[in-house]
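First comes the structure, then the notes that go with it.
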Amino acid sequence: MTTAQIPTVRETNSEIWVTWNPETEGSPTDIRFRQKPPENAIIIEMNYNDNPFFPDVLEQERLNDLARLDYASYAWVWEGAYLENSDKQVLSGRYVVEEFDDNLHKQADRLLFGADFGFANV
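With the first letter of the sequence shown counted as 1, position 95 gets the number 1422 in this note's numbering; the numbers rise by one all the way through.
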């Protein structure tokens, strides 16, 4: 495992700012600044919904991406998720992420649950 190279901080009150879409869990940047940040780090995860000046034109682009992209790609672009698209995923491209009413369990005739047991095309 390699470590992320960071600048040498020599001045008092120096800061390192890091911003990225975390493509791969376990990448050097992910480990250094997301999984195992320095003790004196201030970590703030921010997305489009944290921007009080988020313009309507970008909101339309976000909604277009939500409608046309697979959910893993959308979540990576707009929500800071890891890019998890892979032909090793059994259910890749075979599911839809939707919101349900809180009382769905009272309305449904029966509920079905699924699981991915990790079989892959390797």
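C-beta: ideal position from N, C-alpha, C; glycine also.
This one's a predicted model, so the numbers in the text were calculated from it and none came from an experiment.
Am I right that residue i and residue j are in contact with their C-beta atoms under 8 Å? What's the rounded C-beta distance?
i, j, result
"D1392", "V1404", "6 Å"
"V1345", "T1356", "7 Å"
"P1349", "G1441", "About 26 Å separates the two Cβ atoms, so there is no contact after all."
"L1439", "H1432", "Wrong, their Cβ atoms sit about 12 Å apart, outside the cutoff."
"T1351", "Y1409", "7 Å"
"R1395", "Y1375", "R1395 to Y1375, Cβ: 17 Å. No contact."
Applying the criterion that 16 or more other CB atoms from any shown protein chain within 10 Å of the CB defines a buried residue, is residue i buried or exposed?
i, result
"F1381", "exposed"
"F1360", "buried"
"A1399", "buried"
"E1338", "exposed"
"M1328", "Low local confidence applies: a pLDDT of 42 at M1328 is under 50, so the model's placement there is unreliable, with the coordinate-based value given in what follows. Counting Cβ neighbours within 10 Å, M1328 comes out exposed, since fewer than 16 surround it."
Flag residue i as yes when its Cβ comes closer than 6 Å to any non-hydrogen atom of the ligand NAD, and as no otherwise.
i, result
"W1403", "As presented, the structure is devoid of all ligands, the ligand NAD included, so that no description of it is given."
By the three-class DSSP mapping on this structure, what secondary structure does residue i have?
i, result
"I1358", "helix"
"Y1409", "coil"
"K1363", "coil"
"Y1422", "coil"
"S1341", "coil"
"L1385", "helix"
"L1396", "coil"
"G1441", "coil"
"M1328", "Confidence at M1328 is low in this model, with a pLDDT of 42, below 50, so the placement of that residue should be treated as unreliable; the coordinate-derived value is given next. Looking at M1328 - three-state DSSP - the assignment turns out to be coil, as it is neither helix nor strand."
"N1376", "helix"
Could you tell me whether the segment 1364-1376 touches the segment 1419-1434, where touching means 3 or more Cβ pairs closer than 8 Å? Cβ pair count under 8 Å is below three, so no.
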